[in-house]
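*Asks:*
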Amino acid sequence: MEKNKKWINKEGHKLSHFLMAVFVIMVIIISVILINWYQSYKFMKSNNQQLIVEVLEQNRNLVEMHQIVFQLIHETEICLITNHERNCEALEIGENRLNELVDNLMGLHLSEDEIVLLETLQTLYYTYYKTVYNEIDSAFSMSSQEQSELNAIGHQMIDTINQILDYSYILAEELSESSKAHSESTASLFYMTILLMILIVFIFIKYILKPSYNMEQVMLKEANLDYLTKLFNRNGFMKVMQSKFKSDKDFKGALLMMDLDGFKQVNDSLGHDAGDLMLKEIAKLIVNCLRKQDVIMRLGGDEFVLFIDQEDDQAEIEKLCDRLLESISNLRCFENSELTVTASIGGCVMNMDFRDLDLAIKKADDALYTAKENGKNRYVLC
1081 MEKNKKWINK EGHKLSHFLM AVFVIMVIII SVILINWYQS YKFMKSNNQQ
1131 LIVEVLEQNR NLVEMHQIVF QLIHETEICL ITNHERNCEA LEIGENRLNE
1181 LVDNLMGLHL SEDEIVLLET LQTLYYTYYK TVYNEIDSAF SMSSQEQSEL
1231 NAIGHQMIDT INQILDYSYI LAEELSESSK AHSESTASLF YMTILLMILI
1281 VFIFIKYILK PSYNMEQVML KEANLDYLTK LFNRNGFMKV MQSKFKSDKD
1331 FKGALLMMDL DGFKQVNDSL GHDAGDLMLK EIAKLIVNCL RKQDVIMRLG
1381 GDEFVLFIDQ EDDQAEIEKL CDRLLESISN LRCFENSELT VTASIGGCVM
1431 NMDFRDLDLA IKKADDALYT AKENGKNRYV LC
């Protein structure tokens, strides 16, 4: 039986470690996938943002160039109009002064030669004025055809710039939508992967890790329990007692050692299966007689060790012993047999000054031997 327990413990640990390794590998694989998706998403987002920035920068430059061209055309037009107006105003001023001078001179007494000379001067000025005006007009103004051609060229240039701007804005919008769609797709994929990972973790915990943990706990528990009666074995009993020694500041209690009288006759007459059945029933009887905080151990065969926690009153311990002896002697396990068993009990009291468990077991065993020597079905306390 001990070999089977060791094999079960060994195989259980192997299975637990294998399942844990599989889970760790799954987590690593999913983490690598998530990291790759995130890096791809980050790279795509960075490229799209850079491209959008470049397109918008190009758009800004085109807009600035557009504004500069219109500003130059406007300033040139203002300059042409201003120069034209200034020259025309100067010629008009000269004409007015000349007319005034002629009118003043005509009022004087001039000879015919002087009058002819003055009229000739006036005629020459008019001729010069017209020539200069025409030159100015041809230099700073254009014909309707030339204006139409210039307007057509200007509108063509403006339309070209506007087409470039429209295409740039459309491209920027498409890139933005593409980046948004990629972001949404990547985010959806990311969340789906997270949900998948949570589902895998849930399945692993519920159907693999928890059963494995429960199995391991069962194996650990069984390693501390007697396989037949499910009471503590020696290993489990020692662990519980050591825990009480450390945790209880006011440690005290009674250690009882009990051995069945006449149990060998049951095994010999009815067989070991009947003996095992009786041991199970006696174990249940003992549990029912004791409290939850008390500790019970099957030492082996038909021997039991009981620790009555926080009880050092001699009278209360004696009452418990009487109740145990009476219950066991009245136990009837077999319908077709009158075979019964009794019990002998030896015990001692433990406290803060006496916590040597091995020594306490020895003293209780000595008291048990005395009880058997005195006729069995009785108890002896020391």
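To convert, take the position in the sequence shown, counting from 1, and add 1080; that gives our numbering.
Even glycine gets a Cβ: it sits at the ideal position worked out from N, Cα and C.
Computed from a predicted structure; not experimentally measured.
By DSSP, does Ala1219 sit in helix, in strand, or in coil?
*Replies:* Counting from 1 along the sequence shown, the entry for residue 1219 is found at position 139. Per-residue confidence for Ala1219 stands at a pLDDT of 49, beneath the threshold of 50, marking its modelled position as unreliable; no derived number is given.
*Asks:* For Arg1458, collect the residues of the same chain with a Cβ closer than 8 Å to its Cβ; drop the 5 residues on either side in sequence, then sort them by chain order.
*Replies:* By one-based count along the sequence shown, residue 1458 stands at place 378. Excluding residues within five positions, the ones whose Cβ falls inside 8 Å are Leu1405, Ser1424, Ile1425, Ala1451.
*Asks:* What residues in its chain sit with their C-beta under 7 Å from that of Leu1357, if we drop five residues either side in the sequence?
*Replies:* Indexing the sequence shown from 1 puts residue 1357 at position 277. Cys1413.
*Asks:* Kindly list the residues whose CB is nearer than 6 Å to the CB of Val1375, restricted to its own chain and excluding five residues on each side of it in sequence; keep chain order.
*Replies:* As a working note, residue 1375 is residue 295 in the sequence shown. Around Val1375: Val1320, Phe1387.
*Asks:* Apply the 10 Å Cβ neighbour rule to Phe1384 and answer buried if 16 or more other Cβ atoms are within range, or exposed otherwise.
*Replies:* As a working mapping, residue 1384 is identified with position 304 in the sequence shown. So Phe1384 counts as buried.
*Asks:* Which residues does DSSP list as the beta-bridge partners of Asn1431?
*Replies:* For this step, residue 1431 is matched to residue 351 along the sequence shown. DSSP, once it has assigned bridges, lists Lys1332, Phe1434 as partnering Asn1431.
*Asks:* Could you check which residue in Asp1306, Lys1456, Leu1311, Lys1399 has the C-alpha nearest to that of Lys1372?
*Replies:* Here residue 1372 refers to the residue found at position 292 of the sequence shown. Measuring from the Cα of Lys1372, the nearest candidate turns out to be Leu1311.
*Asks:* How long is the line joining the alpha carbons of Leu1448 and Ala1440, rounded to whole angstroms?
*Replies:* Taking the sequence shown and counting its residues from 1, the one referred to as residue 1448 is at position 368. Taking the sequence shown and counting its residues from 1, the one referred to as residue 1440 is at position 360. About 12 Å.
*Asks:* To which residues of the same chain is Ile1397 closer than 7 Å at the C-beta, ignoring the five residues directly before and after it?
*Replies:* Along the sequence shown, read from residue 1 onward, the residue named residue 1397 stands at position 317. Here the set comprises Ala1334, Ile1388, Glu1391, Gly1427, Leu1461.
*Asks:* Mind checking Asp1382: buried by the 16 CB within 10 Å criterion, or exposed?
*Replies:* As a first step, residue 1382 is located in the sequence shown; it is residue number 302 there, counting from the start. With 16 or more Cβ atoms within 10 Å of its Cβ, Asp1382 is classed as buried.
*Asks:* Per DSSP, Tyr1459 forms a beta bridge with which residues?
*Replies:* Taking the sequence shown and counting its residues from 1, one reaches residue 1459 at position 379. In DSSP, Tyr1459 forms a bridge with Ile1425.
*Asks:* Answer with buried or exposed for Lys1286, where buried requires no fewer than 16 other C-beta atoms within 10 angstroms of its C-beta.
*Replies:* Residue 1286 sits at position 206 when you count from the first residue of the sequence shown. Lys1286 comes out exposed.
*Asks:* On the DSSP bridge assignment, give the partners of Asp1077 in chain order.
*Replies:* What the structure shows of the chain is the stretch from 1081 to 1462, and residue 1077 is not part of that stretch, so it cannot be assessed.
*Asks:* Lys1344: buried (16+ other C-beta within 10 angstroms of its C-beta) or exposed?
*Replies:* Locating residue 1344 in the sequence shown gives position 264, counting from the first residue. Its Cβ having fewer than 16 others within 10 Å, Lys1344 is exposed.
*Asks:* Can you tell me whether Phe1317 is buried or exposed? The criterion is at least 16 other CB atoms within 10 Å of its CB, across all chains shown.
*Replies:* For this step, residue 1317 is matched to residue 237 along the sequence shown. That one is buried.
*Asks:* Could you check whether the Cβ of Ala1423 sits closer than 7 Å to any heavy atom belonging to the ligand NAD?
*Replies:* Judged by which ligands are present, the structure shown has none, so any question about the ligand NAD falls away.
*Asks:* Tell me whether the segment 1428–1436 and the segment 1322–1332 touch, counting them as touching only if at least three CB pairs, one residue from each stretch, are closer than 8 Å.
*Replies:* Touching, per the Cβ criterion.
*Asks:* Just grab the DSSP bridge partners of Glu1383 for me.
*Replies:* Translated into positions along the sequence shown, residue 1383 becomes position 303. DSSP output for Glu1383 lists Asp1339, Gly1380 as bridge partner(s).
*Asks:* Assuming Ala1363 contacts Thr1420 (C-beta within less than 8 Å), just tell me the rounded distance between them.
*Replies:* Position 283 of the sequence shown, counted from the start, is the residue given in the question as residue 1363. Position 340 of the sequence shown, counted from the start, is the residue given in the question as residue 1420. About 17 Å separates the two Cβ atoms, so there is no contact after all.
*Asks:* Asp1341: buried (16+ other C-beta within 10 angstroms of its C-beta) or exposed?
*Replies:* Position 261 of the sequence shown holds residue 1341. Classification for Asp1341: buried.
*Asks:* I'd like the span of the alpha helix (DSSP H) that includes Glu1396, first residue to last.
*Replies:* Counting from 1 along the sequence shown, the entry for residue 1396 is found at position 316. Looking at the DSSP string, the run of the alpha helix (DSSP H) that includes Glu1396 is 1394–1409.
*Asks:* Since Arg1403 contacts Cys1369 with CB under 8 Å, what's their CB separation in whole angstroms?
*Replies:* One-based indexing of the sequence shown puts residue 1403 at position 323. One-based indexing of the sequence shown puts residue 1369 at position 289. About 6 Å; that satisfies the 8 Å criterion.
*Asks:* With distance defined between alpha-carbon atoms, name the residue in Asp1436, Leu1336, Lys1443, Ile1278 nearest to Lys1326.
*Replies:* On the sequence shown, residue 1326 is found 246 positions in, with the first residue counted as 1. With distances taken between Cα atoms, Lys1326 lies closest to Asp1436.
*Asks:* Beta-carbon separation of Leu1411 and Glu1361 under 8 Å?
*Replies:* Taking the first residue of the sequence shown as 1, we reach residue 1411 at position 331. Taking the first residue of the sequence shown as 1, we reach residue 1361 at position 281. Cβ distance < 8 Å, so Leu1411 and Glu1361 count as in contact.
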